Each structure stands twice: as structure tokens, then as C-alpha cells.
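Undergrad: Numbering (the numbering used here), first residue to last: 3 to 553.
Glycine included, C-beta positions come from ideal geometry on N, C-alpha and C.
If you're wondering where the values come from, they're calculated on a predicted model, not measured in any experiment.
1) Below 8 Å on the Cβ atoms is my guess for residue 530 versus residue 485; work out the distance and round it to an integer in Å.
2) Can you name the residues that DSSP bridges to residue 286?
3) Comparing alpha-carbon positions, which option in 433, 496 and 439 lies nearest residue 461?
4) Give the straight-line distance between the Cα atoms of residue 285 and residue 216, rounded to the nearest whole angstrom.
5) For residue 333, does the count of other Cβ atoms within 10 angstroms reach 16, so buried, or fall short, so exposed?
6) For residue 331, collect the residues of the same chain with a Cβ closer than 7 Å to its Cβ; drop the 5 residues on either side in sequence, then sort them by chain order.
7) What does the alpha-carbon distance come out to for the pair residue 95 and residue 117?
8) For residue 383, count the other beta carbons within 10 Å of its own beta carbon; 16 or more makes it buried, fewer makes it exposed. Which is it?
9) Examine the Cβ distances between the segment 339-352 and the segment 202-218 and report whether three or more of them are shorter than 8 Å.
10) Since residue 538 is in the alpha helix (DSSP H), which residue starts that stretch and which ends it?
11) Helix, strand or coil, according to DSSP, for residue 103 in the structure here?
12) Report buried or exposed for residue 539, applying the criterion of at least 16 other Cβ atoms within 10 angstroms of its Cβ.
13) What does the alpha-carbon distance come out to for the pair residue 523 and residue 470?
14) Find out if the Cβ-Cβ distance for the pair residue 321, residue 453 is shorter than 9 Å.
15) Over the uninterrupted alpha helix (DSSP H) stretch that includes residue 551, give me the two end residues.
16) Alpha carbon to alpha carbon, what distance is there between residue 403 and residue 326?
17) Whole angstroms is fine: what's the gap from residue 535's alpha carbon to residue 503's?
18) Nearest by alpha-carbon distance to residue 89: which of 323, 69, 361 and 147 is it?
19) Are residue 400 and residue 373 close, meaning C-beta to C-beta below 9 Å?
20) Taking residue 317 as the reference, which of 237, 111, 479 and 179 has the closest Cα?
21) With contact counted as at least three CB pairs below 8 Å, one residue from each stretch, are the segment 154-162 and the segment 289-304 in contact?
22) Helix or strand or just coil, what does DSSP make of residue 1?
23) At what residues does the beta strand (DSSP E) containing residue 463 begin and finish?
24) Assuming contact is defined by CB atoms lying nearer than 9 Å, are residue 223 and residue 337 in contact in what I supplied?
25) Which one or two residues does DSSP pair with residue 228 in a beta bridge?
26) Taking 9 Å as the cut-off, decide whether the C-beta atoms of residue 2 and residue 361 are in contact.
27) Output needed for residue 511: all residues of its chain with C-beta closer than 6 Å, excluding positions within five of it in sequence on either side, in chain order.
28) For residue 235, which of helix, strand or coil comes out of DSSP?
29) Can you give me the C-alpha to C-alpha distance between residue 544 and residue 377, rounded to a whole angstrom?
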């Protein structure tokens, strides 16, 4: 019976494992309860394993105080020992409450604030400019250090944001610049018109540096500078043809020899023209050269507001110079292609001249010799006068054909002037003056044409044939050769004289002359040109060629 009671009592008592599990569950519940109530001070005590000892101490003092009061009530009197014991327990309890209050204000709150600040910093959030906790208590020194650290971290965050924004902008600019470089490289291989390519990238440069205006110039092989175009202050684009008329006005005539037109204050010009004039203190000029193998083939001028791009914008200058070098390659390629086409034409013409010299010229020379022998034979024998006249006429015809063939061979061998059609026409008229007694002059009203090599060659040969006809048949005293730029890409070449002229269609007395006129018309059709010949008896002859650029 006693054994059964002992067994029953042992089964009713919880074991050590059950007590430990219950205590663990109770502590877990207490921790979650403190977190839900947002009591940071209690959470710090609980985390530091100080909460339970303090609770047990307070509970012990409270029980002791209750026990003393109970003893006093039971005895019905107050002995000195009981009073001392009561005061001691009350003082201990009061001291515990005071310690808890001071502990909370001087340690727990600063620690809680410190924990929040550290968590905020660890999460990468910007720290408030306010101090995270009061600079008092045992952590006052640490509070000041934390405040300093917070300010430094805030500055670092702000500086980092600025740097990231700056780097992002720089990467975007570099991406744009790389795209521009790619477009330039593609444009060099795809563009057939150099002027259009240069004008296009003048607008690109203007947008890249936010310039007020821009100009583009090419350095010609004779070291002269040609302005291809410009963009004005209103963003309007002008090409060379639209800029040319300034040469014809009084200002252009005055400025051409370099004379001083006006030395007054620019503000007077601004008032008169109704446009603002910028001083050097407001606008600076940025030059972008187009280099190729150490030679400057052209340059861009960009007019930007000061302080400009020379201060702290080395990356922009580098990309501008890089694009300029690529465009220099485009200019060199275009000139190389033009020179290759010109040399090809010259080689063909030289080869044809050699063929004419070795075949037809030799045949004519042999016929001339045979006719001369025939004339000598006829003179030694008694023949009719008519036979001698016919032989003389044949001899003169052969001489004229031989001279024309020699002139044609010389024309084939004469190369086209490398500077273009205008210098070539000038040299042709100058040679005509030297070889004849006819006064001839050349009047161009444009600086340069944009005709291709084939068009320039055909136009030159048409003028050459016209001058040859004037020398042989016109009996003229004065000849004028005029080159006029009617509109962008369209040109008029006029050859007129004050000779005898003719009526109606071109005279057909000489078969060679008729062939020459037919060849002129064929040359004009070959380059899609329009040729017209007008003449009146006693009024001279007028030959007009209208040709449009194929570029």
C-alpha cells in the first residue's frame, strides 16, 4: 500500500524536463509580449538576462515587506526590531524603485536609442540631423561620438548621391558620344556628298556643346579656305550657295581686298541690324580641326557661352577632336576618290591620244606626203588646171585635218586642272588669248562648283570646241566666257562672240564643223545638260550650256 502511494505521488510530480520546458515557454511568451508592447527598456533587460533577477529581487522585497507587516499585525505591537526591519525592507524596496528609474533614464533609454541608430545605419538609411538621444547619462560621450559619426555618414551619403548622379550623367554622355562616333564611322562609308555630311555634323556639334552658332570650313589644296555652311543664332542652316551673294554686295566688294569697312562700336551695328552683337567676354570660339596624317583639311567653329567647355570638360573636347579626325578621314577619302577618278580619265584620254597618234595621225601624214608627190608630178606634166586645183584642195584639206587631229591629241593629253572647273576654264581662256589675236575674258560668279569629275571634263570640252569654232570661222574681236551659279547645284556656262554669226541652223559647208557641233550636243546629253546655240548674221554667236550637279 505504501509502495502504491509512493508510486502515485512520484507520477503526480512534474519532472525536471517538464519544468524547464514550461519555463522556456513562459520566457518566450514574455519576450513576444514585450516586443508587442514596444517596451525597449524591458527588452534590453530581458536580452541581457537582467529582467528576471530584478523581478525576483523586487518580489522578494515585496514579500518581505508583507511578512513584516503581517508580524506586526499579529503581535499587536511594534517592537524596535520590527520597526527597524520594516524600515529596512521599505528602504530597500524604495532603493530598488529608484535604481530602476535611474537605470531606465540613464542607461536603458540611451541604449535603446543607440540600438535604433545603429540599426538605421546598418540598413543604409540616412540618419536624421537630430541627435539620436539626450547627451546625458553614462553614454553622453558616446552620444556625442555617435552624433558626429551620424553627421559624417550623412555627408558621405549626400556626397555619394552627387557622385552617382555625376557618374550616371557622364556614362550617358559617353554612351551618346560613342553613338555619335559610330554614326560618323558609318556616315564616312555611306555618304556620297561630303558637304551634306559636314553640314549634318555641324548640327551635331552645336547640340553637343549647346553652342549659339557654328560654321564649317574646308582647306582647299591651294591653301585657300572655303566656307561650306553655317548655322545662325536662330538655328537656320545656310550652305555655301546661300552665302555666296555677299560677294556681290557693297560690303562684300569692300571686304574682299581686306579694306576696313567700319571701325565703330559693334553696338551701332547691333542697333542698325536689329540683332545682338556678342563680345569676347560673353562668347568664346571652340575650334574642332579635321586632321588627317598631320594635315588640317578643315575645321569647325562653335560659338559657346562663357566659361565655355575648356574648363573641366576635357571629355567633351576629346570626343570633339576624335569626331574631327574621323571627318578628316572622310574629307581625305573624298579627295582621294576624286583624284582617282580624275587620273583614270586622264589615263584613258592619254591612251586614246596615243592610239590616234599611232594610227590616224600616221595615216594622214602618209596621205599628205603622197598628195605632195602627186602635186609635183602634175606640175612636171601637162595637165588641166582643174586637176591641179583639185590636188591643191585635197592637200589643204589634209593639212587642216592633220592640224585638227594634232589639236585634238593635245586636248586629250591636257589634264584637267586639279582645282576644278573654274581654274581650268581660266587657263583655257588665257591660252586662247595667247594663241589668237581675239580678246577673250572669263567671268565666274561662284568660287567653286560641286560638279563631279565627268561633268567638269565634258563642260570644259564643250567650251574648248566653242572657242575652236570661234577661232576658225567667227572673225570675232571679243569673246566672253561666263560661269553663273543659278541655284544650288545648277550652273550656266555661256560662250559668246561678236563675230559674223550665221542664220538658221549651224552651217554645214565643212563636214568636220558639223561633226564638232554634234559632238558638243552629245557631250551635253551625256551629263544630262541642255545645250543651245543662237546666232544672227553680223550679231555673233551665243552658246549656252545648263548643267546640274549629279552629287
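TA: On the basis of the data shown:
1) Position 528 of the chain shown, counting from 1, holds the residue named residue 530. Position 483 of the chain shown, counting from 1, holds the residue named residue 485. Not a contact, Cβ separation roughly 18 Å.
2) Taking the first residue of the chain shown as position 1, residue 286 is located at position 284. Bridge partners of residue 286: 306.
3) Taking the first residue of the chain shown as position 1, residue 461 is located at position 459. With distances taken between Cα atoms, residue 461 lies closest to 496.
4) Position 283 of the chain shown, counted from the first residue, corresponds to residue 285. Position 214 of the chain shown, counted from the first residue, corresponds to residue 216. Approximately 12 Å between the Cα atoms of the pair.
5) Against the chain shown, residue 333 aligns to sequence position 331. Per the 10 Å Cβ criterion, buried.
6) Taking the chain shown and counting its residues from 1, the one referred to as residue 331 is at position 329. Cβ within range, chain order: 190 and 294.
7) Position 93 of the chain shown, counting from 1, holds the residue named residue 95. Position 115 of the chain shown, counting from 1, holds the residue named residue 117. Roughly 30 Å separates the two Cα atoms.
8) Counting from one through the chain shown, the residue named residue 383 turns up at place 381. Label assigned to residue 383: exposed.
9) no
10) The residue given as residue 538 occupies position 536 in the chain shown. It is not in any alpha helix (DSSP H) - residue 538 instead sits in the beta strand (DSSP E) that spans 532-538.
11) Working through the chain shown from its first residue, we reach residue 103 at position 101. Helix.
12) In the chain shown, residue 539 corresponds to position 537, counting from 1. Classification for residue 539: exposed.
13) For the purposes of this step, residue 523 is taken as the residue at position 521 of the chain shown. For the purposes of this step, residue 470 is taken as the residue at position 468 of the chain shown. Those two C-alpha atoms are separated by around 15 Å.
14) What you label residue 321 is simply residue 319 of the chain shown in a count that begins at 1. What you label residue 453 is simply residue 451 of the chain shown in a count that begins at 1. In this structure, residue 453 does not lie closer than 9 Å to residue 321 by Cβ.
15) To locate residue 551, count along the chain shown from 1; it is residue 549. From DSSP, residue 551 is part of no alpha helix (DSSP H); its letter is neither H nor E.
16) Within the chain shown, numbered from 1, the residue matching residue 326 stands at position 324. Within the chain shown, numbered from 1, the residue matching residue 403 stands at position 401. The straight-line gap from Cα to Cα measures roughly 55 Å.
17) Translated into positions along the chain shown, residue 535 becomes position 533. Translated into positions along the chain shown, residue 503 becomes position 501. When rounded, the distance between both Cα atoms is 11 Å.
18) Position 87 of the chain shown, counting from 1, holds the residue named residue 89. Comparing Cα positions, the closest option is 69.
19) As a working mapping, residue 400 is identified with position 398 in the chain shown. As a working mapping, residue 373 is identified with position 371 in the chain shown. Yes, the Cβ-Cβ distance between residue 400 and residue 373 is below 9 Å.
20) Residue mapping note: residue 317 aligns to position 315 of the chain shown, counting from 1. Ranking the options by Cα distance to residue 317, first place goes to 179.
21) no
22) Nothing about residue 1 can be read from this structure; the chain reaches only from 3 to 553.
23) Within the chain shown, numbered from 1, the residue matching residue 463 stands at position 461. From DSSP, residue 463 is part of no beta strand (DSSP E) but of the alpha helix (DSSP H) over 455-471.
24) Start at 1 with the first residue of the chain shown, and residue 223 comes out as number 221. Start at 1 with the first residue of the chain shown, and residue 337 comes out as number 335. In this structure, residue 337 lies closer than 9 Å to residue 223 by Cβ.
25) Taking the chain shown and counting its residues from 1, one reaches residue 228 at position 226. In DSSP, residue 228 forms a bridge with 220.
26) In the structure displayed, the chain extends from 3 to 553; residue 2 sits before or after that span and is not available.
27) As a working note, residue 511 is residue 509 in the chain shown. Caution applies to residue 511, whose pLDDT of 46 falls short of 50 and renders its modelled position unreliable; the value that the coordinates give is listed next. Hits under 6 Å: none found.
28) As a working mapping, residue 235 is identified with position 233 in the chain shown. Reduced to three states, the DSSP call for residue 235 is coil.
29) By one-based count along the chain shown, residue 544 stands at place 542. By one-based count along the chain shown, residue 377 stands at place 375. So the alpha carbons of these two residues sit roughly 41 Å apart.
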